[in-house]
Amino acid sequence: MKKILCAERPDWKQTAESLGFMFHTIDDEPYWDESAYYQFTLAQIENDLEDPTTELHEMCMDLVDRVVHSEELLDRLSIPPAYYDMIRTSWLEGHPHLYGRMDFSYSGNGPAKLLELNYDTPTSLYEAAAFQWGWLEQCIERGTLPRHADQFNSIDTQLHQAFAELQLKRPFYFASMKDSVEDKGTTDYLRLIAEKVGIESRHIDIEDIGLTAEGRFVDLEDRWIPHLFKLHAWEFIFHEPFGAAIAECDTQFFEPAWKAILSNKGALPLLWELHKGHPNLLAAHLDPNPASAVPKGWVRKPYFSREGANIELQTADGLIVKEDGPYTDAPFILQEFAPLPKFGDSYTLIGSWVIGDQAAGIGVREDNSLITKDSSRFLPHLILD
């Protein structure tokens with residue numbers, strides 16, 4: 126695993142914007158960064174990332190099955206009791222899912238260490254699936270990369286297959302928050318895939334979804350929403366007024382309600398209890414005193430947080446790094462600290478995607494901090510032996 130500096134394509138911004146990738150720059154700082162790329166060997170990809178992703182995903186599916194059958198475990202995850210049956214039913218009835226992402230600390234040597242599970246809202250999906258693949262193809266065409274360069278990336282292909290297998294005959298609505306350019310770009314990408322496999326699709330802002338007196342979700346024209354992809358986390362929905370109507374409604378939700386189990390950092394201690402000592406897992410347990418100082422060599426994370434918010438860590442040599450945020454209303458875990466590898470001035474995180482139930486590709490994020498945030502840069506990668 127190497128970081129290789131390279132020349133940017135002179136027209137990459139125009140290319141991005143022509144494809145609807147409008148969040149390539151955030152607050153005048155680069156989000157997409159092709160001034161360098163990460164180079165892996167095929168063995169690193171297959172043995173250290175793809176195979177562990179497959180195994181860990183199977184462990185996650187087993188965990189969901191255990192949790193839905195145990196009110197004690199649902200309670201440990203701070204899921205509101207009113208939603209136990211809905212979550213259980215969504216799993217037992219086999220409600221389909223599309224994707225998941227695992228975040229790893231991996232330096233190119235030794236086992237990748239699982240830091241988090243992201244199985245509900247698909248941050249960085251478009252960049253990983255489509256734009257970095259376009260970068261690779263165009264750079265090969267222009268002669269700036271060798272013709273035998275490859276990428277661990279079948280995300281787009283497998284998403285097409287996953288949507289096709291749904292065999293939906295009614296309109297599929299894709300919803301994101303009204304003011305989020307990034308979320309709209311992600312849902313537009315998924316909409317495009319749905320349309321390519323013959324599914325009629327429509328966009329709706331989450332704030333514009335209505336609920337009839339009969340408990341049916343509708344759009345602004347009072348049309349029924351039969352299938353809904355909502356780029357809005359289940360843990361938020363559980364505490365919003367319309368959430369109580371979901372269990373009895375006739376809308377099919379993506380991702381399904383059982384994803385609330387895996388989008389919860391309380392799942393990490395449960396995985397550790399079930400598979401203690403697994404080479405890709407880190408020790409983790411409930412934090413009994415989240416107001417105390419973080420012990421050396423540990424990371425404190427809230428059950429519910431996004432993009433590094435409210436995470437605090439202390440390295441083995443006493444360096445304390447923390448990010449503020451709004452996620453203070455749920456339990457915290459302590460997880461063994463696995464430092465992100467440093468390449469130059471940047472700390473690097475690997476996001477490994479599962480589409481359907483198959484390991485499908487990776488995305489690489491960089492930050493000048495040990496905590497990866499929403500502003501962290503996305504860099505392309507390739508495989509070259």
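Under this note's numbering, the sequence shown has 324 at position 199, and the numbering climbs by one with no breaks.
Backbone N, C-alpha and C define an ideal beta-carbon position, used for all residues, glycine too.
Asked: Can you give the Cα-Cα distance for Gly340 and Ile350, rounded to whole angstroms?; Found: 12 angstroms
Asked: State the DSSP-derived secondary structure class of Arg475, mapped to helix, strand or coil.; Found: The sequence shown places Ile at residue 475, rather than the Arg named in the question. It is a strand residue.
Asked: According to the Cβ coordinates, are Ser72 and Thr246 closer than 9 angstroms?; Found: For residue 72 there is no data in the structure shown, the boundaries of the chain being 126 and 510.
Asked: Using beta-carbon positions only, say whether Cys185 and Ala161 come within less than 9 angstroms of one another.; Found: no
Asked: Can you tell me where the beta strand (DSSP E) holding Glu491 begins and where it ends?; Found: Gln483 to Asp492
Asked: When the Cα atoms are used, what is the spatial distance from Val424 to Asp308?; Found: 28 angstroms
Asked: Just to confirm my understanding: we take Thr312, look at its own chain, exclude 5 residues before and 5 after, and list those with CB closer than 8 angstroms. What are they?; Found: Phe299, Ala300, Ser301, His328, Phe354 and Leu356
Asked: For Ala255, which residues of its own chain have a beta-carbon under 7 angstroms away from its beta-carbon, when the five flanking residues on both sides are left out?; Found: Asp281 and Tyr314
Asked: Could you please give the first and the last residue of the uninterrupted beta strand (DSSP E) stretch that includes Gln439?; Found: Glu437 to Gln439
Asked: Spatial neighbours of Ile331 within its chain, please: CB distance less than 7 angstroms, with the 5 preceding and 5 following residues excluded, ordered by chain position.; Found: Ala300, Ser301, Met302, Lys355 and His357
Asked: Rounded to whole angstroms, what's the CA-CA distance from Arg267 to Ser143? Just pull it up for me.; Found: 19 angstroms
Asked: Does the stretch 286-300 touch the stretch 260-276, meaning 3 or more C-beta pairs lie closer than 8 angstroms?; Found: no
Asked: Restricting to runs no shorter than 3 residues, where is the beta strand (DSSP E) found entirely within the stretch 345-427?; Found: 352-355, 377-379, 409-411 and 423-427
Asked: What residues are listed by DSSP as bridge partners for Ser326?; Found: Phe297
Asked: What are the boundary residues of the alpha helix (DSSP H) that Ser215 is part of?; Found: Tyr209 to Leu217
Asked: So Met227 is in the beta strand (DSSP E); what residue range does that whole segment cover?; Found: Tyr224 to Ser230
Asked: Quick one: grab the DSSP three-state call for Ile151.; Found: strand
Asked: Exposed or buried, which one is Val192 when buried takes at least 16 other CB atoms within 10 Å?; Found: buried
Asked: Hey, how far is the Cα of Ala253 from the Cα of Leu217?; Found: 31 angstroms
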